[in-house]
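Step one of this worksheet: look at the structure below.
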Amino acid sequence: MNDLAAASPWNLSVAPMMDWTDRHCRYFHRLLSPRARLYTEMVTSAALVRGKQLRLLEHSQQEHPLALQLGGSEPHELAQAARFGAEAGYDEINLNVGCPSDRVQSGRFGACLMREPALVADCVKAMRDAVSVPVTVKCRIGVDDQDAYADLQQFTGLMLEAGVGVLVVHARKAWLKGLSPKENREVPPLDYERVYRLKREFPQLVVVINGGITTVAQVRAHLTRLDGVMLGRAAYHDPYLLAQLEHALHGEPLPDRDSVLQRLRPYVEAELARGTALKHISRHLLGLYQGEPGARAFRRTLSEGAHLPGAGWALLEQAMAPCAAAA
Ligand SMILES: Cc1cc2nc3c(=O)[nH]c(=O)nc-3n(C[C@H](O)[C@H](O)[C@H](O)COP(=O)(O)O)c2cc1C
1 MNDLAAASPW NLSVAPMMDW TDRHCRYFHR LLSPRARLYT EMVTSAALVR GKQLRLLEHS
61 QQEHPLALQL GGSEPHELAQ AARFGAEAGY DEINLNVGCP SDRVQSGRFG ACLMREPALV
121 ADCVKAMRDA VSVPVTVKCR IGVDDQDAYA DLQQFTGLML EAGVGVLVVH ARKAWLKGLS
181 PKENREVPPL DYERVYRLKR EFPQLVVVIN GGITTVAQVR AHLTRLDGVM LGRAAYHDPY
241 LLAQLEHALH GEPLPDRDSV LQRLRPYVEA ELARGTALKH ISRHLLGLYQ GEPGARAFRR
301 TLSEGAHLPG AGWALLEQAM APCAAAA
């Protein structure tokens with residue numbers, strides 16, 4: 001890791017993932033990683049401003065540093081949504097310029113905005129005028145045929161002019177027609193070199209790389225050239241990787257997996273008391289023992305039992321038992 005990356009609050013983050021990085025997931029990830037920046041699922045500015053669904057901003061104090069990701073393309077509405085986010089205590093407001101789903105395209109936001117950099121710049125300026133926390137952008141390296149380096153360079157230049165100090169780049173383009181969102185995370189090839197070049201040409205910009213990064217060694221290698229790494233699927237499916245990264249990058253002692261779960265107990269019990277069903281929390285824990293003896297039994301016990309009436313902490317104890325015995 002270079003000095004820049006070591007000092008950057010963006011050096012390690014967990015990606016915004018719809019339906020995955022909800023507040024329960026983030027609370028759990030925070031137990032594994034005291035420092036990683038956590039991102040919410042995308043929340044649309046319309047849901048907050050027109051729909052008045054401010055409950056979408058709910059989070060726990062323990063989740064900080066925490067970024068709210070917004071989707072939208074209407075500057076005034078995004079500014080108001082950003083204000084709500086900042087008032088709710090988020091440390092950063094991130095604009096989604098990378099999601100290619102049809103639903104998002106019909107709302108004219110997400111990855112299709114890479115075609116409209118001037119509009120993105122207007123959105124960002126309006127958001128920056130509304131809040132004092134950093135406003136950041138998450139984008140792709142291109143969309144459809146607009147995928148030359150010059151296109152990304154022009155987009156980035158406009159973002160800088162608009163006052164964006166941090167750009168998260170998913171290092172593959174998106175095809176707006178013909179590929180599902182899932183295929184758009186797998187089919188277009190990764191091009192890390194393009195992101196490195198962006199950092200070389202815009203050294204003043206904090207550049208965070210995302211896409212296909214799954215190991216401590218890969219994170220370390222990216223951090224020699226960039227300010228930060230954002231992990232998505234790898235962090236979700238193998239959350240213990242977050243603890244391994246804290247250990248490797250910051251010398252944090254490695255917690256054992258059982259103790260992480262034990263530290264989750266007060267949260268689980270408080271949520272159950274509020275009426276949250278165990279399955280909404282336990283679904284994010286399934287990968288904790290990934291690669292360890294007992295992992296399959298852990299997953300099975302939780303998957304089979306968490307939706308049953310009355311499921312509570314005892315089920316987690318039961319799920320943990322074979323793993324503890326194997327350790
Ligand atoms: C289930 C799922 C939901 C996602 N939702 C969002 C989202 O709401 N906003 C966003 O910018 N990216 C979203 N993404 C993309 C991720 O943030 C990330 O860019 C992508 O998964 C590539 O990183 P990875 O290879 O480390 O997973 C989603 C990805 C997944 C797997």
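Using full-length UniProt numbering, the letters of the sequence shown correspond one by one to residues 1 to 327. A virtual CB, placed ideally from N, CA and C, is assigned to each residue, including glycine. Bear in mind that the values here come from a model prediction, so they are computed numbers and not experimental data.
| query | result |
| --- | --- |
| How should Q62 be labelled, buried or exposed, when 16 other C-beta atoms within 10 angstroms of its C-beta is the threshold for buried? | exposed |
| Please name the residue or residues paired with L205 in a DSSP beta bridge. | Looking at the DSSP assignment, L205 forms no beta bridge with any residue, so it has no partner. |
| With DSSP run on the structure shown, which of helix, strand or coil describes E156? | Reading off the sequence shown, one finds Thr at residue 156, where the question assumed Glu. Three-state DSSP puts T156 in a helix. |
| Please give me, in chain order, every unbroken run of the beta strand (DSSP E) with length at least 3 that falls completely inside the stretch 222-253. | 228-231 |
| Can you grab the Cα-Cα spacing for the pair L308 / C25, in whole Å? | 20 angstroms |
| Please return the same chain residues whose Cβ sits closer than 8 angstroms to the Cβ of residue 331, not counting the five positions on each side in sequence. | For the chain, the structure presents residues 1 to 327; residue 331 sits outside this window and is missing. |
| Have a look at A174, C99, D227 and flag the residue whose alpha-carbon is nearest the alpha-carbon of M18. | C99 |
| Assuming contact is defined by CB atoms lying nearer than 8 angstroms, are S13 and M230 in contact in what I supplied? | yes |
| Please list the terminal residues of the continuous beta strand (DSSP E) segment that includes G71. | 66-71 |
| Starting from Q146, follow its DSSP beta bridges and name the residues at the other end. | V143 |
| Quick check on Y149 - is its C-beta less than 8 angstroms from some C-beta in chain B? | Absent from the structure is chain B; it holds one protein chain and no more. |
| Enumerate in chain order the residues of its own chain whose CB-to-CB distance from W20 is below 8 angstroms, with the five nearest sequence positions on each side excluded. | E41, Y236, H284 |
| Would you say the beta carbon of A234 comes nearer than 7 angstroms to a heavy atom of ligand 1? | yes |
| Alpha carbon to alpha carbon, how far is G228 from V216? Give it in angstroms, no decimals. | 13 angstroms |
| Run through the DSSP bridge pairs and tell me what M42 is partnered with. | Q69 |
| Below 8 angstroms on the Cβ atoms is my guess for R23 versus H59; work out the distance and round it to an integer in Å. | 5 angstroms |
| Quick one, are the C-beta atoms of residue 328 and P188 less than 8 angstroms apart? | Given a span of 1 to 327 for the chain in the structure shown, any question on residue 328 remains unanswerable. |
| How far does the alpha helix (DSSP H) with S132 in it extend, from its first residue to its last? | Per DSSP, S132 belongs to no alpha helix (DSSP H) and is neither H nor E. |
| Is residue 359 near ligand 1, with its Cβ less than 7 angstroms from a heavy atom? | The question about residue 359 has no answer, for the chain in this structure spans 1 to 327. |
| Rounding to the nearest angstrom, what Cα-Cα distance links R200 and R225 in this structure? | 9 angstroms |
| Quick one: residues in its chain with C-beta nearer than 8 angstroms to the C-beta of P266, no 5 flanking neighbours on either side, listed in chain order? | none |
| Work out the CA separation of H76 and A47 for me, nearest whole Å. | 14 angstroms |
| Leaving out the 5 sequence neighbours to the left and right, which residues in its chain are closer than 7 angstroms to R263 when beta-carbon positions are compared? | L31 |
| Measuring alpha carbon to alpha carbon, tell me which of C323, L272, Q290 ends up nearest G310. | L272 |
| Of the choices H222, Q244, P117, C323, whose alpha-carbon is the least far from that of D258? | C323 |
| Please report the Cβ distance between A82 and I93, rounded to the nearest whole angstrom; I am assuming they are in contact, meaning their Cβ atoms lie under 8 angstroms. | 4 angstroms |
| Helix, strand or coil: how does DSSP classify S13 here? | strand |
| Under the rule that 16 or more other beta-carbon atoms within 10 Å means buried, what is E269, buried or exposed? | exposed |
| For the beta strand (DSSP E) holding V268, just list the boundary residues, first then last. | Run containing V268: none in the beta strand (DSSP E); it sits in the alpha helix (DSSP H), 257-273. |
| Which one of F28, A36, R274, F84 has the shortest CA to CA distance from Q53? | F84 |
| Verify whether the separation of the beta carbon atoms of P134 and V166 is less than 8 angstroms. | yes |
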